[in-house]
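Okay, structure first, notes after.
Next comes the structure, spelled out in structure tokens:
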């Protein structure tokens, strides 16, 4: 009865190995597995440097997802999970990573991962995850000083964007760009609740608003919510954004405009920040275990 | 004399063609796109062809539902009158169940509780205004989180026996709670039951605001979900009647009112 | 044996209704349900009435929708829900000691819609920081005593009041002595056990409760809790009786060594001082006790008291709980967190609803503990 | 009865209120006086609309109060300034479920901005010389306790005094003496405190004058509201919001008494000539609690259905003083026998006058407020009651669900709608309007063709 419903909310899964590195030369091989509420990431590091990673959708059973994510990260490298000296699990499903020797929260891992991706000048990390949004203040070593989380309302999260992409039938990866090609910013969708925000967006479409304009209104409402959280934790330069939504240019552009602070450009995929942080902690834990630290 | 009732809801448009205010000739529904008028017209044409009638054979058309104002007086349906959903719900339910005193309508994006007077008129009503959880889309979004088909959510919930209380305040927060439950190994059927219990709790708390008086009828698309009735019956601790074709009761009410208006002329 | 004592406390909490019905059977006396800890239980004990606190069951309170607008805290609605569900059908009366706007709605809805023989609202003053509060409350308590005498047909003498004061002071004093065992580096009891101790005292005959406390105090010194006490935490809030949350947090490698809420230290911290005018003595206790924020102005006495407790019990971090929609405690969160920060105690805020989503809160607690232990060695 | 109403589409004559601009001037000058008080040696104090404003008047006639609630409402009226206030308050860590006026007030301290009645925003929020408040709602005492804390963080010390009036309500019999004396004693101490913190002498003659003005002003406002029993109603509630505000700002001042005397004369004249506030009036309603200040246009939408709001226990009883006659009718209160001559007489008079303020009843007894609402419905000939379940104010929303049950049991149509008086993010205008019009349609009303 419903037309063929193409899933606009489903985003692309991928993996990668650094061709210039070989794990045989490495002294310490560690990994971090970040089981997020919507997406799961696995990262392998050689002596604290990023080597291989995978990004996939979190399935119904997090153990299977953890194993699958790890296998995909190791795919084609010849490495097996048991060759990895130490694995740290993080993220929502961190307790279900069977091969992780230790779990550390995604708050600590994102701060540490951001330090690796963006460098030691980072002081404020914004992680826009699938189901929640975290604002973290950290020091020059990437250690957490204070943090706040919002998972009370999915309007300020990746999940809210997925629901919206489905609604206006624009693939989620293009949503950010779509929201930017408007002459001037419309007023934000006012409602705090994502379902009502969705209903209001439908009403705007029915009033003849173009998709781009409605997308702009929704992105603006989402950024307002994120800025609320950031102002509560206090923003100190340099400011960076991690998590999957960091790739949404519509969010990043409006964050910069609202805060008056330009987030640093990521030199690698910000969605990996949590898993990278976990892998780096794994290295430190392993060094402690063999008395190197 | 043939009259028509058009109920343009948030997700589906429903039409009922009624003969002499008594027998239902056809029932048709289809999804509502962004162009409300176009969707209403297509479903209207579908009804005409199904009942092989011409537009002019229908003497009176009344529209109801969220999109009623947008399609009012516009060709080819050009409705003569529009009525709010609560009046249509009361009329339709009263026609099907003359002893009804409380009508609970749970559609795609809105939940309503209507108290019906002796003569089928609206005595009091409440509309879910605080949280979208008391609506069909809640089940849909949850089904996606559970990777279960929307249709299977109800039967799945019925399989479970133990109750996991879910956060009462916000449905979307409940969604992240569902993810939490998934990660802590709770079975899908127990989660499906928790979802239906949470929604039933919200609908019940809405209806309780106007009070529950026997007989109680459940109408609207969600009434077709078998997993929803048992927890709602428990929350309100009363028997609940579900008429056949529950999602058409609003359109039926509109068609009945069209007949009454025609009679008065 | 210490474990048996806490087992009894837990049984009393979980089967509070059976306990009360059995008590009524045994004594033939009356039971009064009360909502807020500003109700002077001394006067009820004086006339052999068993005061029991009406608390919620942590289930969504849907039945209360027609009676209380859902923007008021879940506690007041959850309490009313217990009455509407008939779980307190054995109590003879309800009493409320005026405190916040939220809880009095549970009292009034109960009075108007649930059959009860005796419903009395004591206008406890809010101006507890002004000198006229004690003489005023003394007369207000005299009115309350008169109404109790009319209802029970029994005169309440000074000896009766002394008995009531003795029972309450004794119970509080014993519980404070148990609190002392939470100060050492390796506390002798967990935060959960402390909550079970105080909560159960609000639901049973305090003389019976005191007997167990004496046994507990004899055996505590030799108790070996053999668990790593981990991070020393404080929990600060309004009415937290969510034992699941306490247990889960302590299982993550921490111990609540002290609390500041009315199901804990605030309930036991002050005694009735001796005075020949018994009602004056009771009134002074309830005016000068650790205040509920709804009465604590213009000075922040409760905030300062919380800071003192944090120092005394050598606390590393504090979880600041707000029952969603609770205004009195919600208003004090920023000044409270700042005052604690100034003495080096980190804090983290939690917003509680009727059910607590442990999934999300677990991440917050673990991350907060990580900031306290600092994962130092990993940087 | 309902059907007769629907067909009647009589059009009543209407005309604007002559006194309207004078009211605007009075309010604007009031806020400027507060702002510039210090420039010419005057004093500024902060407190609520229910604070005993006659008492500080004994310090001199150059003593001006900000009155927190109307200021909170003024802020709420200008939506983007309100949004900035809320953002600042939440950034400071306060929950967003707190009283909306209080958050607006704190927000303007945190932003160090001050908004005038006409919406112009100026820099540096004027710090009061002292705080003189009273406490009946949970947020009353703490509102100014935190305002004082916020000022201290900016290096400004503001002394605070707060009178506890939570002694109960005289439903059927007067309050016992010990309750009255409890308040009088606090006011007595308060006068000594005022002298200490301002260094000024205290003038009992000014006190007696102020008390007598307050008694006259609050009785006058009740008399004006009583005139709205006429059909058609000479005033509508939206207009009354701008008129009753004088009572909240300066009920103890002679200008307020003079303004209300003039207003009463004008309204009496309108009643004589059958002048209506709403020309197509055919369905009379009363509301409850403060309106969503940022969305007053909802009243204009109601008028398209011929619906006029005659007022509410809020507009009538927040400031107006009333009493029940033995026959059960609810009428403006009689003036006390004589003007007070001494401090003792003045304090006793103002406390006894104030403790049965209608809007203090529901803090203790839902039945008392329901009874007053039903008296208004009967005497003002209202057809329905619209209850604003106001998330922004727990003080006026306390027991509102019980009031609804009482009104419904009396067979009066009642329609609750949820919203927030001061936090525009929480008022779903489109949804509320849809539900409101559905209620009107279910009462048989149709949108009138313009």
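Residue numbers (the numbering used here), protein chains in the order written: chain A, 8 to 300; chain B, 87 to 351; chain C, 2 to 380; chain D, 1311 to 1760.
In this text, a Cβ means the ideal position worked out from N, Cα and C, and glycines have one as well.
*Note down, one range per segment and in chain order, each beta strand (DSSP E) of at least 3 residues found wholly within the stretch 1635 to 1679 of chain D.*
1640 to 1642
_In whole angstroms, give me the CA-to-CA distance for residue 320(B) and residue 48(C)._
If you number the second chain from 1, residue 320(B) lands on position 234. If you number the third chain from 1, residue 48(C) lands on position 47. One C-alpha to the other measures close to 42 angstroms.
*On the DSSP bridge assignment, give the partners of residue 1374(D) in chain order.*
Here residue 1374(D) corresponds to residue number 64 of the fourth chain, with the count starting at 1. According to DSSP, residue 1374(D) bridges with 1354(D).
*Could you give the DSSP three-state label for residue 1455(D): helix, strand or coil?*
For this step, residue 1455(D) is matched to residue 145 along the fourth chain. Three-state DSSP puts residue 1455(D) in a helix.
*chain C partners of residue 151(A), CB-CB under 8 angstroms?*
Along the first chain, one-based indexing puts residue 151(A) at 144. 368, 371, 372, listed in chain order.
*Are the C-beta of residue 171(B) and some C-beta of chain A separated by less than 8 angstroms?*
On the second chain, position 85 is the one that residue 171(B) refers to. So, not an interface residue.
_With a threshold of 8 angstroms between beta carbons, is residue 1748(D) in contact with chain B?_
In the fourth chain, the residue the question calls residue 1748(D) occupies position 438. Yes, residue 1748(D) lies at the interface with chain B (some Cβ there is under 8 angstroms from its Cβ).
*Taking Cβ to Cβ, would you say residue 1562(D) is nearer than 8 angstroms to residue 1532(D)?*
By 1-based counting over the fourth chain, the position of residue 1562(D) is 252. By 1-based counting over the fourth chain, the position of residue 1532(D) is 222. Result no, Cβ atoms of residue 1562(D) and residue 1532(D) do not sit closer than 8 angstroms.
*Could you name the residues of chain A that residue 1400(D) contacts, counting a contact when the two beta carbons are closer than 7 angstroms?*
By 1-based counting over the fourth chain, the position of residue 1400(D) is 90. Residues of chain A passing the Cβ test: 235, 239.
_According to DSSP, simplified to helix, strand and coil, what is residue 69(A)?_
Walking along the first chain from the start, residue 69(A) turns up at place 62. It is helical.
*Which whole-angstrom value is the C-beta distance of residue 178(C) and residue 213(C), which I expect to be below 8 angstroms?*
In the third chain, counting from the first residue as 1, residue 178(C) sits at position 177. In the third chain, counting from the first residue as 1, residue 213(C) sits at position 212. The pair is not a contact, with the Cβ atoms about 13 angstroms apart (cut-off 8 angstroms).
*Just the chain D side, please: which residues come within less than 7 angstroms of residue 133(C) by C-beta, in chain order?*
Taking the first residue of the third chain as 1, we reach residue 133(C) at position 132. Within 7 angstroms Cβ-Cβ: 1492, 1495, 1496.
*Determine the direct distance from the alpha carbon of residue 120(C) to that of residue 334(B), and round the result to whole angstroms.*
Position 248 of the second chain, counted from the start, is the residue given in the question as residue 334(B). Position 119 of the third chain, counted from the start, is the residue given in the question as residue 120(C). One C-alpha to the other measures close to 50 angstroms.
*Give the DSSP-derived three-state secondary structure of residue 221(B) in the structure shown.*
By one-based count along the second chain, residue 221(B) stands at place 135. Residue state, collapsed to three classes: coil.
*Using DSSP with H/G/I as helix, E/B as strand and the rest coil, what is residue 191(B)?*
Translated into the one-based positions of the second chain, residue 191(B) becomes position 105. Three-state DSSP puts residue 191(B) in a strand.
*asked:* Looking at chain A, is there any beta carbon in it that lies within less than 8 angstroms of the beta carbon of residue 233(B)?
replied: If you number the second chain from 1, residue 233(B) lands on position 147. Yes, residue 233(B) lies at the interface with chain A (some Cβ there is under 8 angstroms from its Cβ).
_Distance, residue 110(C) Cα to residue 1680(D) Cα_ = For the purposes of this step, residue 1680(D) is identified with residue 370 of the fourth chain, where counting begins at 1. For the purposes of this step, residue 110(C) is identified with residue 109 of the third chain, where counting begins at 1. Between residue 1680(D) and residue 110(C), the C-alpha separation is close to 14 angstroms.
*Check each residue of the stretch 94 to 105 of chain B: if its Cβ is closer than 8 angstroms to any Cβ of chain A, include it; give the result in chain order.*
96
_Interface residues of chain C facing residue 290(B) [CB-CB closer than 9 angstroms]_ = Along the second chain, read from residue 1 onward, the residue named residue 290(B) stands at position 204. By Cβ distance, chain C contributes 63, 64, 66.
*Tell me whether residue 247(B) sits in a helix, a strand or coil according to DSSP, three-state version.*
As a position in the second chain, residue 247(B) is number 161, starting the count at 1. Three-state result, residue 247(B): coil.
*Please list, in chain order, all residues of the same chain as residue 281(C) whose beta carbon is under 6 angstroms from its beta carbon, the five residues on each side excluded.*
As a position in the third chain, residue 281(C) is number 280, starting the count at 1. Closer than 6 angstroms at Cβ, skipping near neighbours: 139.
*So which residues on chain B does residue 296(A) lean against when the C-beta distance must stay under 8 angstroms?*
As a working mapping, residue 296(A) is identified with position 289 in the first chain. Result: empty, since nearest Cβ-Cβ is about 28 angstroms, beyond 8 angstroms.
*Classify residue 1621(D) as helix, strand or coil using the three-state DSSP reduction.*
The residue you call residue 1621(D) lines up with position 311 of the fourth chain. Correct three-state label for residue 1621(D): strand.
*Three-state secondary structure (DSSP) of residue 274(A)*: As a position in the first chain, residue 274(A) is number 267, starting the count at 1. The answer is coil: DSSP assigns residue 274(A) none of H, G, I, E or B.
*Kindly indicate the opening and closing residues of the beta strand (DSSP E) around residue 1440(D).*
Indexing the fourth chain from 1 puts residue 1440(D) at position 130. Run containing residue 1440(D): 1440 to 1445, per the beta strand (DSSP E) assignment.
*Between the beta-carbon of residue 341(C) and the beta-carbon of residue 368(C), is there less than 8 angstroms?*
To locate residue 341(C), count along the third chain from 1; it is residue 340. To locate residue 368(C), count along the third chain from 1; it is residue 367. No. Outside cutoff.
*Other residues of its chain near residue 1476(D): CB distance less than 8 angstroms, five sequence neighbours each side excluded*: Along the fourth chain, read from residue 1 onward, the residue named residue 1476(D) stands at position 166. Closer than 8 angstroms at the Cβ level, and outside the excluded window around residue 1476(D), lie 1445, 1446, 1673.
*Simplified DSSP assignment, three categories, for residue 330(B)*: Reading the second chain from its first residue, position 244 is the one you call residue 330(B). Residue 330(B) falls in the coil class under three-state DSSP.
*If you draw a straight line from the alpha carbon of residue 254(B) to that of residue 228(B), how long is it in whole angstroms?*
One-based indexing of the second chain puts residue 254(B) at position 168. One-based indexing of the second chain puts residue 228(B) at position 142. Residue placement at residue 254(B) is flagged as unreliable, the pLDDT there being 46, under the threshold of 50; the coordinate-derived value follows with that caveat. Using only the alpha carbons, I get a separation of about 15 angstroms.
_Suppose contacts are defined by Cβ-Cβ distances below 8 angstroms. Is residue 248(C) in contact with residue 6(C) by that definition?_
In the third chain, counting from the first residue as 1, residue 248(C) sits at position 247. In the third chain, counting from the first residue as 1, residue 6(C) sits at position 5. No, they are not a contact pair.
*asked:* Between the alpha carbons of residue 1613(D) and residue 365(C), how many angstroms are there, rounded?
replied: In the fourth chain, the residue the question calls residue 1613(D) occupies position 303. In the third chain, the residue the question calls residue 365(C) occupies position 364. If I take the Cα positions, the gap works out to 51 angstroms.
*Per DSSP, residue 275(B) is paired with what?*
Looking up residue 275(B) in the second chain gives position 189. DSSP lists no partner for residue 275(B).
*Could you tell me which of 106(C), 175(C), 56(C) sits nearest to residue 15(C), measuring between CA atoms?*
The residue given as residue 15(C) occupies position 14 in the third chain. Residue 56(C) is the option with its Cα nearest to residue 15(C).
*Which residues in the same chain have their Cβ closer than 8 angstroms to the Cβ of residue 239(B), if we skip the five residues on either side of it in sequence?*
In the second chain, residue 239(B) corresponds to position 153, counting from 1. Cβ neighbours of residue 239(B) beyond the five flanking positions: 225, 228, 229, 232, 278, 281, 282, 311, 313.
*Pair every Cβ in the stretch 1454 to 1466 of chain D with every Cβ in the stretch 1417 to 1434 of chain D, then say whether three or more of these pairs are closer than 8 angstroms.*
yes
*For residue 208(B), return the contacting residues in chain D, with the cut-off set at a CB-CB distance below 7 angstroms.*
What you label residue 208(B) is simply residue 122 of the second chain in a count that begins at 1. Here the neighbours are 1752.
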